[in-house]
Amino acid sequence: MTALSPLLLALAGPPGTGKSTLAAPLARALGAAIVSVDPIEDGMLAADVPADHAGLAAYLAAERVAEQNLAAGIAVVVDAVNDHPLARGQWVGLAERVGADLRFVELVPPGAAEHRDRLEGRGQRFAHPPEPAWPSVLERTAALAAWDGDRLRVEAGEPPERVLQRVLQHVTGSVSGR
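Just so we're aligned: 16 in our numbering is position 1 of the sequence shown, and the numbers increase by one with no gaps anywhere.
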């Protein structure tokens with residue numbers, strides 16, 4: 016990766032797998048901006064954007080923010096479920112438009128009992144969007160399981176420090192960052 020090719024690192028995984036927990040230390044280590052869909056959606060709902068439009072609108076707004084950072088040469092870590100091919104496709108298109116080095120990292124959920132405990136134990140994180148119901152998390156997990164694209168898959172049940180090291184090694188070729 017050169018200075019002309021900023022990194023676009025798109026996290027993926029069902030809710031409750033640790034994407035947001037990983038995003039901050041990962042962005043610090045890479046000198047990257049974090050673009051997270053959930054707080055954007057929360058803001059849209061606070062502004063009375065209809066709930067049936069807020070999710071897509073949040074992904075589109077996240078793409079615009081990521082594009083602005085990438086155009087300035089700033090690496091971006093995208094924190095989003097990215098379970099749908101169109102969601103992942105938007106990052107592919109963005110990387111092509113701006114000449115970014117795109118990497119996907121999927122956090123694979125631990126066993127169902129642990130995953131559900133993690134999800135339900137995290138509480139309400141935002142004021143407006145409800146926390147996802149367990150059946151919807153299972154649907155999103157199945158959608159990600161059908162993904163056959165190139166990505167690093169990391170078990171979310173591993174200790175957070177190990178997950179961070181694996182992702183940094185994948186992106187930079189070393190565990191110490193850049």
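Where a beta carbon is used, it is the ideal one built from N, C-alpha and C, also for glycine.
Bear in mind the structure is a predicted one, so any value in this text is a computation, not a measurement.
Mark residue i as exposed unless 16 or more other C-beta atoms lie within 10 angstroms of its C-beta, in which case mark it buried.
| i | result |
| --- | --- |
| D94 | buried |
| L75 | exposed |
| G70 | buried |
| S51 | buried |
| D132 | exposed |
| L101 | exposed |
| E56 | buried |
| P65 | exposed |
| D63 | exposed |
| A38 | buried |
| D53 | buried |
| A25 | buried |
Relative to the ligand SAM, is the shortest distance from any of its heavy atoms to the C-beta of residue i smaller than 7 Å?
| i | result |
| --- | --- |
| P175 | The ligand SAM is not part of this structure, which contains no ligands at all. |
Pull up the distance between the alpha-carbon of residue i and that of residue j, whole angstroms please.
| i | j | result |
| --- | --- | --- |
| A27 | A115 | 18 Å |
| R40 | L179 | Per the sequence shown, the amino acid found at residue 40 is Pro instead of Arg. Each residue's Cα considered, the two are about 8 Å apart. |
| G188 | V182 | 9 Å |
| P150 | A127 | 11 Å |
| A72 | E129 | 31 Å |
| R112 | P124 | 32 Å |
| L45 | T156 | 28 Å |
| L23 | L117 | 5 Å |
| A77 | W106 | 10 Å |
| P145 | Q139 | 7 Å |
| W162 | P147 | 21 Å |
| P21 | A42 | 13 Å |
| M59 | N97 | 19 Å |
| V91 | A110 | 11 Å |
| F141 | A48 | 20 Å |
| H143 | A81 | 23 Å |
| R168 | E135 | 23 Å |
| A67 | V186 | Here the sequence assigns Asp to residue 67, which means Ala is not the residue at that position. When rounded, the distance between both Cα atoms is 35 Å. |
| P99 | L153 | Note that residue 99 is His in the sequence shown here, rather than Pro. Distance between the alpha carbons of H99 and L153: 14 Å. |
| R137 | R79 | 29 Å |
| R193 | Q184 | Only weak support exists for where R193 lies, its pLDDT of 39 falling under 50; the value from the coordinates is given anyway. Rounded to whole angstroms, R193 to Q184 spans 10 Å at the Cα level. |
| T36 | G108 | 26 Å |
Should residue i be flagged as near chain C, meaning a C-beta pair shorter than 8 Å?
| i | result |
| --- | --- |
| R131 | The structure shown contains no chain C; it is built from a single protein chain. |
Would you mind giving the Cβ-Cβ distance between residue i and residue j, rounded to the nearest angstrom? I have them listed as a contact below 8 Å.
| i | j | result |
| --- | --- | --- |
| L122 | K34 | 6 Å |
| R177 | F119 | No, R177 and F119 are not in contact; Cβ-Cβ is about 19 Å, not under 8 Å. |
| R103 | G31 | Actually they do not touch by this definition, with Cβ atoms about 19 Å apart. |
Pairing CB atoms from the segment 74-88 with CB atoms from the segment 160-175, are three or more of them under 8 Å?
At 8 Å Cβ cutoff, the stretches do not touch.
Which complete beta strand (DSSP E) runs does the segment 73-99 hold, if anything under 3 residues is left out?
Entirely contained in the segment 73-99, the beta strand (DSSP E) runs reaching 3 residues are, in chain order, 91-94.
Threshold first: 3 residues or longer. Then list the beta strand (DSSP E) segments lying entirely within the segment 95-156, N to C.
Whole beta strand (DSSP E) segments, 3+ residues: 116-123.
Taking only runs that begin and end inside the segment 18-73, name each unbroken alpha helix (DSSP H) of 4 or more residues, in chain order.
Secondary structure remark: continuous alpha helix (DSSP H) runs of at least 4 residues inside the segment 18-73, in chain order: 34-45 and 52-61.
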